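Chemist:
Number of protein chains: 2
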Amino acid sequence: MKYLKLFFLILIPLISLADDGSRLWLKYDLIKNKNVQSAYAKYNSIIIPSKKTPTIEKALEELQIGFKGLLGKNLTNNSKNNTTGGIKLEITNKEELTKDSPEDSFAIIVQKDNLTITSKTETGVLYGVFELLRNIQTEKIITKNIVSSPKVKLRMLNHWDNANGTVERGYAGSSIWKWNELPFRIDPRYITYARANASLGINATSINNVNASSRFLTAEYLEKIKAVADVLRPYGIKVFISVNFRSPRTLGGLKTSDPLDTDVRKWWIEKTKEIHQYIPDFGGYLVKANSEGEPGPQDYGRTHADGANMLAEAMKPYNGIVIWRAFVYNADPNGDRFKEGYEQFKPLDGKFDPKVIVQVKNGPIDFMPREPFHPMFGSFPKTKLGIEFQITQEYLGQSTHLTYLAPMFRECLDTDTYANGKGSTVSKVIDGSLYNSQMSLMAGVANTGSDANWCGHPFNQANWYAFGRLAWNHELSSEDIAKEWIGMTLTNNNNAKEKINAIMQKSLPTYIKYTYPLGLHHMMGEGHHYGPEPWLTKAARPDWTSIYYHRADSIGLGFDRTGKVSNAIKLYSKEIIDTWGNPDKCDLNYLLWFHHIPWSKKLNTGNSLWEELCYRYYSGVEETKNLQKEWNEMKPYIDKETYASVMARLKIQEKEAIWWRDSCVLYFKEFSKMPIPNNLILPNRTLEEVKKLVEIYHLR
Amino acid sequence: MKYLKLFFLILIPLISLADDGSRLWLKYDLIKNKNVQSAYAKYNSIIIPSKKTPTIEKALEELQIGFKGLLGKNLTNNSKNNTTGGIKLEITNKEELTKDSPEDSFAIIVQKDNLTITSKTETGVLYGVFELLRNIQTEKIITKNIVSSPKVKLRMLNHWDNANGTVERGYAGSSIWKWNELPFRIDPRYITYARANASLGINATSINNVNASSRFLTAEYLEKIKAVADVLRPYGIKVFISVNFRSPRTLGGLKTSDPLDTDVRKWWIEKTKEIHQYIPDFGGYLVKANSEGEPGPQDYGRTHADGANMLAEAMKPYNGIVIWRAFVYNADPNGDRFKEGYEQFKPLDGKFDPKVIVQVKNGPIDFMPREPFHPMFGSFPKTKLGIEFQITQEYLGQSTHLTYLAPMFRECLDTDTYANGKGSTVSKVIDGSLYNSQMSLMAGVANTGSDANWCGHPFNQANWYAFGRLAWNHELSSEDIAKEWIGMTLTNNNNAKEKINAIMQKSLPTYIKYTYPLGLHHMMGEGHHYGPEPWLTKAARPDWTSIYYHRADSIGLGFDRTGKVSNAIKLYSKEIIDTWGNPDKCDLNYLLWFHHIPWSKKLNTGNSLWEELCYRYYSGVEETKNLQKEWNEMKPYIDKETYASVMARLKIQEKEAIWWRDSCVLYFKEFSKMPIPNNLILPNRTLEEVKKLVEIYHLR
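In structure tokens, the structure reads:
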């Protein structure tokens, strides 16, 4: 794009000097560290491969704007191979990248006079360029070779963006995709989006909501999607489309969408062919079927495998794949939603076409702040399973709470399923190493929107960042990722970096304390999922209420999943049953996920359940106050607008933490009939008053 | 705000150099004209009144950032009255502002060594500052005194922004109001919004959709609204709330919302008192009642006057007012929606409390691209009538067509109602001069959203601008307003300014040609109102179809409102009946509004109706091609991103113009049974094909 090359300064009016966050972590502001500056000062040119492909061109552009911004240096473009003081972009088989290293692996090789960024693929070279820039931006001097390989093959964002411009569970304005402007207008933000993703190694995106409109499969919209795909392609990003299973009827005029019907199969074959005429490297389909009212193969008495395999058949001539979601559950007041996905899919293990990946949410319910890992992981040896995380913070504070999610992603990935003995972590299921699978997928539900800063809360950008980095390498620590992001986005002051990292690391445990302590889950405001509503008793479905999950009664609290009400614990390995299945051994963070615990039962903290519950809610609130104090100390290091935005949101967070605390403590007190511990200050409102507050958010 | 004062330059990365439109017309980039620069070079300081109120502080700030940006000059703040080379801000009664000049009138007085900006009010002084800056920004040297007075007292934006962040009929992202962040976080955009409005003299804003949620009247939300009001207050902008008439039941727990019920009246009195505790200068209520399913006094057998007067009673102790919308119509397949507002309100003329203004849309149907003025104007001598224009382009190309609306606003305002004899224009009804009213209102439905450039199409900003300027002074010409806006927003090159003005002036006639020529109306896509759907036959209500309005049959086209089907024409004065009511004298632009014209009838253009219809649709499309050529010539003068955005949208406009043309010509051809004139190229698709295209936009 030409404006990337505007190498002159214009007068920016004074009013817009504050940082609106629109550049994400790719800020490229001049770095202050003189040592780092001089370490990179010797590089004056870029040596590119003889074949200047679009992706190499992007790598070149990025290096140029990066060096110009970070170091104030203009890198010249040099095609002579014998230059010194150059950054060499190279597509070749270096020994650093063994023959069987994963696609898009790259190496940065430090030579005497040059720095070589090398990969078997041009996308790998682009990734190497971003790695180099990230090192400079975080003020690191590269002194030895860097070799980096992705652990997971498909690193993907799932957009829940609707055709009408809204975003389901979006908290940062409207959709970034301007469908009415496409294909003619390419919003410059599409390019920022592509750069941001490529900088993390994200290589796939499904552009529309899984509650999918058929219109995305019409020629009218394929032309629009093609325009987006053309922008993303040079950045190594493949486009997927979420499809509505009923499309053969809706669009094709067929009488059925039965996946075993010949005409239906033919329709999908033709449609898939048509898509490839627009997008030759089409990523594939993402399907939510027979879930929450969406159509699917079960409407015709067929299985999920029948549906997925039909689409896989249509995809056969191409490289694309079919991603089929396992997020299904029937409305059964006597059942346990926890088990639904497992039970519906278990008989199908081994029946899916090799082109199908089944995409499983990290936990068995629905992106709760702390869920045990989904029991499907480790139990489906003959099915390729991808994992779906939620980056957008539907249940995690939306745009007003600071919650850094890398610890949650890691907790899930690091948990041992014991499927093939000790060490069979979820990450090994996902990256294909446990069952030696060649296809692997980590998907994250995007948190992008039209807001200037893309993600609402300035810290929400860190969750996009962390997801991408973990999808590339799930062995990166949550701390290292946070510090990278802080350095790129907020400040490179080491002291501040440590302190902000500390804020981020404790943010999720704090959030969980004042919302869902001890393994409580699914008690949010009905529909909009904003704020608490533990008293929600009636909803369109029993499993959309709160009481279905917390099961508070005069005896105690929690969902007994160890046999009496549900035997969900049996879906896990013996080792897990022995711990989580035993109320005395169960990690307190998962306690009420699996057990109905008497109010007065002493926990290993020395407190009764009731006391522990109260203490957690109260200490969660106290911690939100500390977050404000700690953030206040960061003021000297942070851009003013960003500082103010975060500080204001921390104040909202405190207010809403009190709202959660008061709601839950006052509500559960009706069951426990026990007093709030003496050393805690009683809520200054009644249960009826907090209920009234929640009602406000249900008014149209 | 502190960041206004960041008087240093920081390095902005190269990628963000393009203009994203976020500064609206207040760009304050350094002006190039040396003569203008030197003319203002003598001013070095600002002399402010002894009492430095918040509004004076804003005036001071604005002058400082304006001079810094436009002229590169730092103005010092000087409180000594005997300084020379100063810009003096003064609150006093100058002879230039006679005692009975309207509130907020101001004068800029050119003295030998100083420039004095004077007004009876501090808001007037702020307006004067914006007038001065506008002159500098458009490269005008002020050589003689400027005196300026508002013609209309209440110059107001109506936001149709919902509590959930969406905007009804919004085409620029989501709501600018971040309810979940308020009251704690003040988005910096609120300040830009306030400055932009104050720069035009807009002094009121209703912040929520007229399809109103009761939640805006809860303490929880009043606290949020107060935070917004506190930001807007120093800029002279009063906040109004759209209210849900059922609130006494919804919020107050009463059994009724009957406006004659004592408890209901008491509830509103208490609620109004409560609001004033948050917002002492509360503007008042805006009410959509018994309209399109909204609750209202008729639910209890009461009249609109009963409802409005009840609210006026509650407002009695305060300065606020009640704005009651006249946009009401019952679903009667045999009636004529054209007459509904008039007929429902006519018996109430004289029955409204003095605190009530009845807000009437510019035309009798609903913001169609070209509507005859609403017959209520001029027919309600005992009722204060305000006018409601739609700035957001629901029926005018949304975010993809270039349509400059000042000519439409002017056409309505300039039309003679003949109510008190010749010269009784709509503008004289509105500004209060015809009936000597002290209260007057011009409201515009806002087109703001979360998009970086606020309004979607870069040229949509001009409609916000034009509305505000006309609300201040409806005698300003559409051309002068356009040139001001171009100079502030796009370029001060005189040649380019003329050419862009020409594009703007013809944009609306062009749009009308390919959508609603000859007085056609209401044929847009159902629900979303995007694209054409003239064949819409069934809808939730008969008056939401297209056939209700165009009445195409084998004989001809158009709605006979001269007696046989409806006698709507009789609502106008005799002079109008004599012209619009006579198919041979009627302005062709209104022809099918009032007459069912035979297909073969010769019009005064020499063409038959059918031919004329075809020619207009076709020439409309041709003109969209010319717009692209003309815009292309402007490339050297325009910021690259803005240029590209407009050019891409012009291409969309052409595509959609063809869509409209093909839909309407092919559809009406089924009735006229006449061939498309020989010299026109036939559409390259069938009616069935365009119908299919429209169906796509109805898919979820």
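From first to last, the protein sequence lines are chains A and B.
So the first sequence is residues 1 to 700, counted in the UniProt record's numbering.
So the second sequence is residues 1 to 700, counted in the UniProt record's numbering.
Backbone N, C-alpha and C define an ideal beta-carbon position, used for all residues, glycine too.
This one's a predicted model, so the numbers in the text were calculated from it and none came from an experiment.
Count the C-beta pairs between the segment 472 to 486 of chain B and the segment 377 to 385 of chain B that are closer than 8 Å, then say yes if the count reaches three, no if not.
Modeler: no
Chemist: Please state whether DSSP places Q359(B) in a helix, a strand or coil.
Modeler: strand
Chemist: Run through the DSSP bridge pairs and tell me what M442(A) is partnered with.
Modeler: R155(A) and I387(A)
Chemist: Considering only the beta carbon of each residue, do I31(B) and I87(B) sit closer than 8 Å?
Modeler: no
Chemist: May I ask which residues mark the beginning and end of the beta strand (DSSP E) holding R325(B)?
Modeler: Per DSSP, the unbroken beta strand (DSSP E) holding R325(B) starts and ends at I321 to R325.
Chemist: Within 10 angstroms of its Cβ, does I186(A) collect 16 or more other Cβ (buried), or is it exposed?
Modeler: buried
Chemist: On the three-pair Cβ rule with 8 Å, is the segment 684 to 696 of chain B touching the segment 658 to 670 of chain B?
Modeler: yes
Chemist: On the CB-based measure, 16 or more other CB atoms within 10 Å of its CB, does residue 723(A) come out buried or exposed?
Modeler: Because chain A is modelled from 1 through 700, residue 723(A) falls outside the range shown and cannot be assessed.
Chemist: Using a Cβ-Cβ distance cut-off of 8 Å, determine whether P188(B) contacts chain A.
Modeler: yes
Chemist: At least one CB of chain B closer than 8 Å to the CB of F184(A): is that the case?
Modeler: yes
Chemist: What's the C-alpha gap between L200(B) and E131(B)?
Modeler: 9 Å
Chemist: One question on the structure: do Y529(A) and F559(A) come within less than 8 Å of each other, judged by their Cβ atoms?
Modeler: First, the residue type needs correcting, since residue 529(A) is His and not Tyr in the sequence shown. Contact flag unset, no.
Chemist: I'd like the span of the beta strand (DSSP E) that includes K238(B), first residue to last.
Modeler: K238 to V243
Chemist: Can you check which of these residues, I136(B), S507(B), E388(B) and S645(B), is closest to V621(B) by C-alpha distance?
Modeler: S507(B)
Chemist: Whole angstroms are fine: how far does the CA of T491(A) sit from the CA of I48(B)?
Modeler: Those two C-alpha atoms are separated by around 40 Å.
Chemist: Pick helix, strand or coil for P598(A), following the three-state DSSP scheme.
Modeler: strand
Chemist: Which one of S450(A), L693(A) and L571(A) has the shortest CA to CA distance from S22(A)?
Modeler: S450(A)
Chemist: Are the segment 392 to 400 of chain B and the segment 338 to 345 of chain B touching by the rule of at least three beta carbon pairs closer than 8 Å?
Modeler: Proximity of the segment 392 to 400 of chain B to the segment 338 to 345 of chain B falls short of the contact definition, fewer than three beta-carbon pairs being nearer than 8 Å.
Chemist: Give the DSSP-derived three-state secondary structure of M504(B) in the structure shown.
Modeler: helix
Chemist: For the segment 63 to 77 of chain A and the segment 241 to 255 of chain A, state whether three or more C-beta atom pairs, one from each stretch, are separated by less than 8 Å.
Modeler: no
Chemist: Express the C-alpha separation of L518(A) and I676(A) in angstroms, rounding to a whole number.
Modeler: 17 Å
Chemist: I believe R265(B) touches M315(B) by the beta-carbon criterion, under 8 Å. Please report the beta-carbon distance rounded to the nearest angstrom.
Modeler: Not a contact, Cβ separation roughly 12 Å.
Chemist: Can you check whether the CB of K288(B) is closer than 8 Å to the CB of N203(B)?
Modeler: no
Chemist: By the 10 Å Cβ neighbour count, where 16 or more other Cβ atoms means buried, how is E270(A) classified, buried or exposed?
Modeler: exposed
Chemist: Whose C-beta lies closer than 8 Å to the C-beta of L254(A) among residues of the same chain, with five residues either side of it excluded?
Modeler: P248, D261, D263, V264 and W267
Chemist: Quick check on I91(A) - is its C-beta less than 8 Å from some C-beta in chain B?
Modeler: no
Chemist: I'd like to know if A18(B) contacts chain A, where contact means its C-beta is closer than 8 Å to some C-beta of that chain.
Modeler: yes
Chemist: Please report the straight-line C-alpha distance between K422(B) and S573(B), rounded to a whole angstrom.
Modeler: 11 Å
Chemist: My guess is that G71(B) and Q37(B) are in contact by the Cβ rule of under 8 Å, so how many angstroms apart are they, rounded?
Modeler: Per the sequence shown, residue 71(B) should be read as Leu rather than Gly. With 8 Å as the limit, L71(B) and Q37(B) qualify as a contact, their Cβ atoms being about 6 Å apart.
Chemist: From the DSSP output, in three-state form, read off E526(A) for me.
Modeler: coil
Chemist: At least one CB of chain A closer than 8 Å to the CB of S379(B): is that the case?
Modeler: No, no contact with chain A.
Chemist: Ends of the beta strand (DSSP E) at N78(B)?
Modeler: Element bounds for N78(B): T76 to N78.
Chemist: Could you tell me whether the segment 632 to 645 of chain B touches the segment 491 to 504 of chain B, using the rule of 3 or more Cβ pairs below 8 Å?
Modeler: yes
Chemist: According to DSSP, is V328(A) helix, strand or coil?
Modeler: Coil, per DSSP.
Chemist: Helix, strand or coil for S437(A), going by three-state DSSP, please let me know.
Modeler: coil
Chemist: Could you check where the alpha helix (DSSP H) with G66(B) kicks off and where it finishes?
Modeler: P54 to L71
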